[in-house]
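*Asks:* One structure is given below, represented as structure tokens, and several questions about it will come after.
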Amino acid sequence: MFRTLDIVFSLIGLVVGFPVFLVLYVLGLFDTGAPLFVQERVGLNLEPFNVVKFRTMSVKTPQVATHLADANSVTRYGRFLRKTKLDELPQLWNVLVGDMSMVGPRPNLFNQGELITHRVREGVYKIRPGITGLAQLNDIDMSMPELLAQTDAKMISELTLVKYFWYIIATALGKGSGDRVKAK
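Quick note: to get this note's numbering, add 33 to the position in the sequence shown (first position is 1).
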């Protein structure tokens, strides 16, 4: 049932949002010259996949977990994208092709060993990673790996159709902030 909803919502979002995608892409060309960011992440059953997002940091930024990135790497345009969550829109493609779900644990990098250990213990990789979920709405990011894995497991065990819609609507209305770049 959730997979069907994922396909419908991502397809609608990609078609209806195409003009917005186009504008954001062109603005990104002026910002960094490379508006899309593609990065390998941990997916369903610990399988790798490439997540697609709008780039919010300079091209030369090291590929580390967001909370470990230098806050100065985020461009002015990138701050806007992050604040409005528009940087996440290209992930609708990941949802459509089956790499991600609209709702699920945020996909992490393979170099986040402590988080992977906790998530394996909690059975988090048994579902597709998502664009949004309980942890994001409660401002729990990847800098808190044990709490994040426990929150993800709770979301998975309690996920209902009503909660699926709530997570999406709450995110669209601006609740939560998910992973953020910390000032150093």
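For every residue, glycine included, the Cβ atom is placed at its ideal position computed from N, Cα and C.
Note that the coordinates shown come from a computational prediction; the quantities given were computed from them, not determined experimentally.
#1: Counting pairs of beta carbons, one from the region 39-56 and one from the region 165-181, are three or more of them closer than 8 Å?
#2: Using 8 Å as the Cβ pair cut-off and three pairs as the minimum, do the region 119-137 and the region 157-166 touch?
#3: Would you mind stating whether Leu200 and Leu79 have Cβ atoms separated by less than 8 Å?
#4: Decide if the region 137-150 is in contact with the region 110-123; the criterion is three or more beta carbon pairs, one per stretch, under 8 Å apart.
#5: Using the Cβ count rule (16 or more neighbours within 10 Å means buried), how would you classify Asn105?
#6: On the premise that Val136 lies in contact with Leu181, defined as a C-beta separation below 8 Å, what is that separation, rounded to the nearest angstrom?
#7: Quick one: what does DSSP say Pro81 is sitting in, helix, strand or coil?
#8: Between which two residues does the beta strand (DSSP E) holding Arg232 run?
#9: How many whole angstroms separate the CB atoms of Val71 and Val59, which I take to be in contact at a CB cut-off of 8 Å?
#10: DSSP state of Gly207, grouped into three classes?
#11: Please classify Glu73: is it buried, with 16 or more other beta-carbons within 10 angstroms of its beta-carbon, or exposed?
#12: I need the straight-line Cα distance from Glu179 to Arg152, nearest angstrom please.
#13: Taking the continuous alpha helix (DSSP H) assigned at Gly111, which residues delimit it?
#14: Measuring only the C-alpha atoms, how far is Ile202 from Val195?
#15: Along the chain, where does the alpha helix (DSSP H) that runs through Ile164 open and close?
*Replies:* According to the structure data:
#1: no
#2: yes
#3: Residue identity differs from the one stated: residue 200 is Tyr in this sequence, not Leu. Not a contact, by the Cβ cut-off of 8 Å.
#4: no
#5: exposed
#6: With a Cβ gap of about 15 Å, Leu181 and Val136 do not count as contacting.
#7: strand
#8: Here the chain comprises residues numbered 34 to 217, so residue 232 is not present and cannot be evaluated.
#9: Rounded, the Cβ-Cβ distance is 18 Å, inconsistent with contact.
#10: coil
#11: exposed
#12: 8 Å
#13: Arg109 to Thr117
#14: 11 Å
#15: From DSSP, Ile164 is part of no alpha helix (DSSP H) but of the beta strand (DSSP E) over Gly163 to Thr165.
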